[in-house]
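In the UniProt record's numbering, the protein residues as written are 1 to 220.
Glycine included, every Cβ here is placed at the ideal spot set by N, Cα and C.
Encoded structure:
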């Protein structure tokens with residue numbers, strides 16, 4: 001049956017902007033309290049994106065879908081770069097988008113990197129759980145850089161941001177899948193990190209690959 005039904009590829013228009021190619025450093029800013037095990041789950045996932053000979057299906061083979069765009073993010077190899085810990089909630093536990101940009105700047109101002117802010121389960125972020133589980137964007141000017149944010153939804157909206165490892169907030173209440181690492185919140189973060197990073201390398205500065213308006217782009 002699978003041979004009879006072929007999934008149509010997502011067609012995204014290229015808007016002639018810069019993309020993230022080659023070796024891309026992923027700098028991590030941990031905001032709030034994460035255990036060493038939780039941090040290692042996410043770091044291990046990022047490192048697995050570049051496994052040379054992974055069994056299929058794998059996250060590495062999935063990541064190669066970003067290379068299918070002509071002139072796009074061909075051979076984007078993600079490496080874990082610098083890591084920063086802010087376990088004392090220097091900006092409090094309720095963050096605005098401007099706070100995310102401020103925290104992301106701790107990773108430096110490199111156009112060949114992505115600074116990823118990861119917020120702990122007790123940190124609220126504007127729009128979190130209402131219409132997003134993570135996001136990405138960029139700053140402007142000569143020192144512009146790409147950044148992303150993903151939150152731990154364990155205490156706030158696991159049915160929205162940690163599905164399928166938690167029963168969905170809406171729709172059929174089917175039994176959830178077992179979280180592979182036994183941590184619903186962090187395993188949910190992994191799914192959302194994958195999504196925002198794919199969007200970031202193919203549309204880092206809002207003029208790469210996307211459909212629809214730039215203010216609400218449909219991305220990879």
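- Excluding the 5 residues flanking it on each side, residue 23 has same chain C-beta neighbours closer than 7 Å at 77 and 79, in chain order.
- Here the alpha carbons of residue 163 and residue 169 stand approximately 9 Å from one another.
- The closest CA to that of residue 203, considering only 193, 194, 191 and 217, is found on 217.
- DSSP assignment within the segment 143 to 197 yields the following whole alpha helix (DSSP H) runs of 4 residues or more, N-terminal first: 158 to 161.
- For the segment 20 to 54, the full-length alpha helix (DSSP H) segments reaching 4 residues or more read 36 to 48 along the chain.
- In the three-state reduction of the DSSP assignment, residue 103 falls in the helix class, which pools H, G and I.
- Closest option to residue 32, judged by alpha-carbon separation, among 110, 95 and 158: 95.
- Separation of residue 115 and residue 180 (C-alpha to C-alpha, rounded to the nearest whole angstrom) is 26 Å.
- By the Cβ-count criterion, residue 90 is exposed, with fewer than 16 other Cβ atoms from all chains shown falling within 10 Å of its own Cβ.
- In this structure, residue 182 sits away from residue 121, with a CB-CB distance that is not shorter than 8 Å.
- In this structure, DSSP gives residue 90 a state outside helix and strand, which the three-state scheme calls coil.
- Only residues of its own chain outside the window of five on either side were considered, and among them 144 and 145 have a CB closer than 7 Å to the CB of residue 111, listed in chain order.
- With a threshold of 16 other beta carbon atoms within 10 Å, residue 158 meets it and is buried.
- Looking at 194, 205 and 209, the one whose alpha-carbon comes closest to that of residue 63 is 194.
- Within its own chain, the residues whose Cβ lies closer than 6 Å to the Cβ of residue 30, once the five positions on either side in sequence are excluded, are 85 and 118, listed in chain order.
- For residue 142, the closest alpha carbon among the candidates 205, 11, 35 and 50 is that of 205.
- With 16 or more neighbouring CB atoms inside 10 Å of its own CB, residue 190 falls in the buried class.
- In this structure residue 152 is not in contact with residue 126, their Cβ atoms being roughly 16 Å apart against a cut-off of 8 Å.
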